[in-house]
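Engineer: Can you keep this structure in mind? I'll have questions shortly.
2 protein chains.
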Amino acid sequence: MVRTLYWEDGAAMILDQTKLPDELTYVKCIDTDMVAECIINMRIRGAPAIGIATAMGIALGAQPIRAEGYGDFVKDLESAYKTLLATRPTAVNIEWAVDRMKFFLENHKSEPVETLKKMLIEEAGKVLEEDIEINKAIGRYGVAFIKDGARILTHCNAGGLATGGYGTATAPMRTAHAEGKKIHVYADETRPLLQGARLTSWELKEDGIPVTLITDNCAGALMNRGEIDLVIVGTDRTARNGDVANKIGTYMVAVLAKENGIPFYVAAPTSSIDFSMPSGDMIPIEERAPEEVTMVYGKVSIAPEGISVRNLAFDVTPAKYVTAIITEKGVFRPEDLKNLDEEGADLEKFRL
Amino acid sequence: MVRTLYWEDGAAMILDQTKLPDELTYVKCIDTDMVAECIINMRIRGAPAIGIATAMGIALGAQPIRAEGYGDFVKDLESAYKTLLATRPTAVNIEWAVDRMKFFLENHKSEPVETLKKMLIEEAGKVLEEDIEINKAIGRYGVAFIKDGARILTHCNAGGLATGGYGTATAPMRTAHAEGKKIHVYADETRPLLQGARLTSWELKEDGIPVTLITDNCAGALMNRGEIDLVIVGTDRTARNGDVANKIGTYMVAVLAKENGIPFYVAAPTSSIDFSMPSGDMIPIEERAPEEVTMVYGKVSIAPEGISVRNLAFDVTPAKYVTAIITEKGVFRPEDLKNLDEEGADLEKFRL
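Heads up: the protein sequence lines correspond to chains A and B, in order.
Residues in the first sequence are numbered from 0 upward in steps of one, following numbering that gives the first Met the number 0.
Residues in the second sequence are numbered from 0 upward in steps of one, following numbering that gives the first Met the number 0.
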């Protein structure tokens with residue numbers, strides 16, 4: 000599996016996913032702004048991956064700071080937080096990564112600034128490594144829902160490319176495949192930016208997992224014809240009540256799954272769950288440029304010039320359509336999420 | 000409004016819709032095969048339009064026939080029927096047009112062959128003219144469902160370009176607009192061939208009807224946010240029980256509309272209703288080439304080479320999701336359709 004992002008000689012190497020599947024090139028980011036540019040222009044995307052990139056962007060932002068004391072150092076780092084938090088509004092993982100790095104600094108405030116700078120680089124590396132472990136745990140929990148011969152629908156890319164590796168929605172698929180189960184994945188192409196066509200179908204094919212590409216509007220028909228057994232998607236932010244924000248179109252898939260009696264699973268590392276957000280209707284939904292819709296691949300115009308466009312990047316799937324949420328800590332009913340953030344909550348009690 | 004197809008100097012002039020909105024060019028069809036090629040490659044598409052094209056293709060097929068007697072003449076015409084019936088399986092209008100032309104010939108079997116040839120050209124012209132009148136009647140019936148300020152979602156192109164002119168799904172919109180009602184149309188782009196982006200948004204914009212283009216996967220989110228008041232789509236074949244075959248994705252729109260309490264109307268000239276087909280699951284569903292999905296606009300590859308693709312061109316929306324069917328003979332509940340083909344059925348009784 001190709002690496003989504005990694006440290007090399009003190010630079011954050013970010014795979015430029017806008018070029019996939021045609022070219023495999025990395026952007027060498029040497030400062031916070033370069034990381035932010037990659038996030039804004041979706042060279043890197045996927046909630047967990049942009050969380051990791053944020054941690055790296057903060058570590059990069061720390062390096063040139065000349066402050067000598069802790070107080071001045073963290074004050075100077077504020078602009079890096081700001082830059083990264085301003086990139087994209089929907090995925091909670093950016094906020095999560097900022098909070099994590101802040102928390103890390105607070106726990107090490109007695110260290111000299113030069114040591115902190117090195118430690119931030121290491122900590123961002125840990126965020127990356129942990130992410131892969133978290134995804135593997137999601138795979139171990141989620142594989143229980145995948146029978147031999149299962150036909151699985153997914154939307155957008157919540158694969159290895161959306162994470163440090165292994166993926167969230169793809170984790171149960173990879174685990175099932177590794178266990179020798181015969182599975183078949185149907186990948187929604189996911190307009191406008193075609194992450195399903197360009198990324199999901201590519202990474203699964205590369206890894207030898209049978210995959211068929213469909214247009215987004217074909218998913219319902221396949222469900223209605225009895226050709227889909229379950230749905231697994233990722234999430235950019237899941238609210239405390241179990242409402243799930245994810246790539247535009249996820250809501251349609253969820254409603255269709257329910258209508259056709261097909262289970263709808265959300266693979267969500269707990270970093271994607273926003274316990275401070277009571278319900279999904281408060282999640283900020285990013286709207287992006289019309290050109291993403293009218294210029295396919297940034298190359299071919301498919302609509303009349305000057306046409307009006309609505310380009311919502313995400314939608315919210317109400318909890319009632321979600322069968323279960325698969326995290327690295329177990330599988331939960333959406334209505335049980337609210338218990339997970341309680342100090343000392345007995346997770347076992349809430350597991351499915 | 001631009002003309003979809005017309006007779007000129009004994010040739011069928013067919014607007015090449017694969018070139019829209021960039022180029023406005025007509026294919027000059029001088030024989031049945033050229034018309035069939037236009038239908039197969041979707042230079043002309045839309046159930047009513049390919050019905051008209053079929054009538055023209057039959058008239059063209061008649062011209063070179065050398066038979067002198069009626070019996071030999073109609074026998075020689077069989078190959079034209081065959082060629083046209085083999086083009087695309089889902090729209091019933093091809094069969095309808097073949098039946099109509101056959102019936103016409105039977106009613107004029109005493110005419111000399113040379114007269115019949117001329118009469119077939121005229122009859123195909125009548126099919127075209129009648130189609131426009133039928134659409135205007137659909138507009139008069141359908142406009143009752145459109146309130147001032149209505150936000151209307153449509154899928155694919157059931158507009159003027161899918162018909163002889165005026166359109167089926169667009170007819171109530173055009174009528175409402177002409178009556179001075181302020182409406183706003185949301186056009187699903189309709190992958191893979193983007194008829195919504197290329198055709199619907201283009202023809203409505205040209206005619207001054209406010210229109211916003213969205214990706215197919217955005218329709219549900221807009222409904223859930225309360226931004227859509229009603230849905231109107233066309234149909235390629237509606238079964239006797241009210242099941243509606245239409246462009247892939249229509250089923251998803253219908254389910255989402257029902258889930259969100261939004262009325263879902265089907266504009267269907269009675270030529271699109273197949274009274275011989277008891278239910279929608281018997282309607283043949285065309286599957287088309289993978290390249291339509293993987294090569295956008297036939298120009299840009301958007302997926303890994305050799306990826307497996309399912310490309311269903313149509314889906315079937317069960318009658319239970321259909322609020323009403325708007326025909327040129329009135330508006331009917333889907334469950335009342337079966338009464339329409341009864342000899343002497345009192346249509347008024349079944350009208351909504």
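Cβ atoms here follow ideal geometry from the backbone N, Cα and C, with glycine treated the same way.
Bear in mind the structure is a predicted one, so any value in this text is a computation, not a measurement.
Please report how far the alpha carbon of residue 280 of chain A lies from the alpha carbon of residue 264 of chain A, in whole angstroms.
Structural biologist: For the purposes of this step, residue 280 of chain A is taken as residue 281 along the first sequence, with counting starting at 1. For the purposes of this step, residue 264 of chain A is taken as residue 265 along the first sequence, with counting starting at 1. Their Cα atoms are separated by approximately 20 Å.
Engineer: Which chain A residues are close to residue 214 of chain B, counting only those with a beta carbon under 8 Å from its beta carbon?
Structural biologist: Within the second sequence, the letter at position 215 stands for residue 214 of chain B. Neighbours of residue 214 of chain B on chain A, chain order: 190, 191, 215, 247, 248, 292, 310.
Engineer: Am I right that residue 34 of chain A and residue 10 of chain A are in contact with their C-beta atoms under 8 Å? What's the rounded C-beta distance?
Structural biologist: Indexing the first sequence from 1 puts residue 34 of chain A at position 35. Indexing the first sequence from 1 puts residue 10 of chain A at position 11. Residue 34 of chain A to residue 10 of chain A, Cβ: 10 Å. No contact.
Engineer: In the DSSP assignment, what residue or residues form a beta bridge with residue 28 of chain B?
Structural biologist: Numbered from its first residue, the second sequence carries residue 28 of chain B at position 29. Beta-bridge pairing links residue 28 of chain B to B:11.
Engineer: Looking at the structure shown, is residue 139 of chain B part of a helix, part of a strand, or coil, going by DSSP?
Structural biologist: For the purposes of this step, residue 139 of chain B is identified with residue 140 of the second sequence, where counting begins at 1. For residue 139 of chain B, the three-state secondary structure derived from DSSP is helix.
Engineer: For residue 57 of chain A versus residue 90 of chain A, is the C-beta spacing smaller than 8 Å?
Structural biologist: Working through the first sequence from its first residue, we reach residue 57 of chain A at position 58. Working through the first sequence from its first residue, we reach residue 90 of chain A at position 91. Not in contact: residue 57 of chain A and residue 90 of chain A (Cβ atoms no closer than 8 Å).
Engineer: Roughly how many angstroms lie between the CA atoms of residue 242 of chain A and residue 316 of chain A, to the nearest whole one?
Structural biologist: Within the first sequence, the letter at position 243 stands for residue 242 of chain A. Within the first sequence, the letter at position 317 stands for residue 316 of chain A. Between residue 242 of chain A and residue 316 of chain A, the C-alpha separation is close to 6 Å.
Engineer: Determine, using beta carbons only, whether residue 352 of chain A and residue 3 of chain A come nearer to each other than 8 Å.
Structural biologist: Given a span of 0 to 351 for chain A in the structure shown, any question on residue 352 of chain A remains unanswerable.
Engineer: Applying the 10 Å Cβ sphere with the 16-neighbour rule, what's the burial state of residue 277 of chain A?
Structural biologist: Here the question's residue 277 of chain A lines up with position 278 in the first sequence. When all chains shown are included, residue 277 of chain A counts as exposed.
Engineer: So what does DSSP say about residue 18 of chain B, is it helix, strand or coil?
Structural biologist: Numbered from 1 along the second sequence, position 19 holds the residue referred to as residue 18 of chain B. Note: residue 18 of chain B maps to helix in three-state DSSP.
Engineer: Tell me which residues share the same chain as residue 272 of chain A and place their Cβ nearer than 7 Å to its Cβ, disregarding the 5 neighbours each side in the sequence.
Structural biologist: In the first sequence, residue 272 of chain A corresponds to position 273, counting from 1. Within the same chain, and ignoring the five residues on either side of residue 272 of chain A in sequence, the residues whose Cβ sits closer than 7 Å to its Cβ are 237, 336.
Engineer: Using beta carbons (cut-off 8 Å, strictly below), is residue 134 of chain B in contact with chain A?
Structural biologist: In the second sequence, counting from the first residue as 1, residue 134 of chain B sits at position 135. By this cut-off, residue 134 of chain B is not an interface position.
Engineer: With H, G and I counted as helix, E and B as strand and the rest as coil, what does DSSP make of residue 234 of chain A?
Structural biologist: Indexing the first sequence from 1 puts residue 234 of chain A at position 235. Note: residue 234 of chain A maps to coil in three-state DSSP.
Engineer: Against chain B, does residue 6 of chain A count as a neighbour if the rule is that its beta carbon must be under 8 Å from one of theirs?
Structural biologist: For the purposes of this step, residue 6 of chain A is identified with residue 7 of the first sequence, where counting begins at 1. Taking Cβ atoms only, chain B never reaches closer than 8 Å to residue 6 of chain A, which makes this a no.
Engineer: So if I threshold CB-CB distances at 7 Å, which residues from the stretch 191-206 of chain A count as touching chain B?
Structural biologist: 191, 193, 196, 197, 200, 201, 204
Engineer: So that I know if they touch, is there some Cβ in chain B lying closer than 8 Å to that of residue 149 of chain A?
Structural biologist: Residue 149 of chain A sits at position 150 when you count from the first residue of the first sequence. No, because no Cβ of chain B sits closer than 8 Å to the Cβ of residue 149 of chain A.
Engineer: Can you tell me whether DSSP reads residue 206 of chain A as helix, strand or coil?
Structural biologist: Residue mapping note: residue 206 of chain A aligns to position 207 of the first sequence, counting from 1. Of the three classes helix, strand and coil, the one that applies to residue 206 of chain A here is coil, per DSSP.
Engineer: For the beta strand (DSSP E) containing residue 152 of chain A, list its first residue and its last residue.
Structural biologist: Mapped onto the first sequence, residue 152 of chain A falls at position 153. DSSP places residue 152 of chain A inside the beta strand (DSSP E), whose first and last residues are 150-153.
Engineer: Is it the case that the stretch 217-235 of chain B contacts the stretch 165-182 of chain B, given that we only count it when at least three CB pairs across the two stretches are under 8 Å?
Structural biologist: Contact holds: three or more Cβ-Cβ distances are below 8 Å.
Engineer: Name the one or two DSSP bridge partners that residue 286 of chain A has.
Structural biologist: The residue you call residue 286 of chain A lines up with position 287 of the first sequence. Looking at the DSSP assignment, residue 286 of chain A forms a beta bridge with A:311.
Engineer: Give the interface partners of residue 219 of chain A over in chain B, defined as CB-CB distance under 8 Å, in chain order.
Structural biologist: As a first step, residue 219 of chain A is located in the first sequence; it is residue number 220 there, counting from the start. Neighbours of residue 219 of chain A on chain B, chain order: 248, 250, 251, 254, 314.
Engineer: Taking a cut of 7 Å between CB atoms, which residues from the stretch 254-278 of chain B lie near chain A?
Structural biologist: 254, 255, 258
Engineer: Counting only beta-carbon separations shorter than 8 Å, does residue 379 of chain B have a partner in chain A?
Structural biologist: Nothing about residue 379 of chain B can be reported from this structure: the residues present for chain B run from 0 to 351 only.
Engineer: Just how far apart, CA to CA, sit residue 43 of chain B and residue 49 of chain B?
Structural biologist: Counting from 1 along the second sequence, the entry for residue 43 of chain B is found at position 44. Counting from 1 along the second sequence, the entry for residue 49 of chain B is found at position 50. Straight-line Cα distance between these residues: approximately 7 Å.
Engineer: Establish whether the CB of residue 295 of chain A and some CB of chain B are separated by less than 8 Å.
Structural biologist: Walking along the first sequence from the start, residue 295 of chain A turns up at place 296. Cβ-Cβ to chain B under 8 Å: yes for residue 295 of chain A.
Engineer: Helix, strand or coil for residue 175 of chain B, going by three-state DSSP, please let me know.
Structural biologist: Your numbering for residue 175 of chain B matches position 176 in the second sequence. The answer is helix: DSSP assigns residue 175 of chain B an H, G or I state.
Engineer: Among all the DSSP beta bridges, which residues are the ones paired with residue 183 of chain B?
Structural biologist: Locating residue 183 of chain B in the second sequence gives position 184, where the first residue counts as 1. Its beta-bridge partners are B:150.
Engineer: Are residue 45 of chain B and residue 161 of chain B touching if we call contact CB-CB under 8 Å?
Structural biologist: Sequence index remark: in the second sequence, residue 45 of chain B carries index 46 (1-based). Sequence index remark: in the second sequence, residue 161 of chain B carries index 162 (1-based). It is a contact, given that the beta carbons lie within the stated cut-off.
Engineer: Mind checking if residue 230 of chain B is an interface residue toward chain A, Cβ cutoff 8 Å exclusive?
Structural biologist: Taking the second sequence and counting its residues from 1, one reaches residue 230 of chain B at position 231. Using beta-carbon distances, residue 230 of chain B does not count as an interface residue toward chain A, since no partner is under 8 Å.
Engineer: Residue 330 of chain B lies in the beta strand (DSSP E); which residues open and close that run?
Structural biologist: Here residue 330 of chain B refers to the residue found at position 331 of the second sequence. That run of the beta strand (DSSP E) goes 329-331.
Engineer: Hey, residue 192 of chain A and residue 291 of chain A: beta-carbon distance below 8 Å or not?
Structural biologist: For this step, residue 192 of chain A is matched to residue 193 along the first sequence. For this step, residue 291 of chain A is matched to residue 292 along the first sequence. Closer than 8 Å, so yes.
Engineer: Give the DSSP-derived three-state secondary structure of residue 125 of chain B in the structure shown.
Structural biologist: If you number the second sequence from 1, residue 125 of chain B lands on position 126. The answer is helix: DSSP assigns residue 125 of chain B an H, G or I state.
Engineer: Using 8 Å as the limit for Cβ to Cβ distance, is residue 298 of chain B near chain A?
Structural biologist: Taking the first residue of the second sequence as position 1, residue 298 of chain B is located at position 299. Interface residue, yes.
Engineer: Consider the Cβ of residue 211 of chain A: report whether some Cβ of chain B lies at a distance smaller than 8 Å.
Structural biologist: As a first step, residue 211 of chain A must be located in the first sequence, where it is residue number 212. Residue 211 of chain A counts as touching chain B.
Engineer: At the 8 Å Cβ level, is residue 223 of chain B part of the contact set with chain A, yes or no?
Structural biologist: For the purposes of this step, residue 223 of chain B is identified with residue 224 of the second sequence, where counting begins at 1. Yes, contact with chain A.
Engineer: Using beta-carbon positions only, say whether residue 196 of chain B and residue 301 of chain A come within less than 8 Å of one another.
Structural biologist: In the second sequence, the residue the question calls residue 196 of chain B occupies position 197. In the first sequence, the residue the question calls residue 301 of chain A occupies position 302. Pairing residue 196 of chain B with residue 301 of chain A gives a Cβ-Cβ distance under 8 Å.
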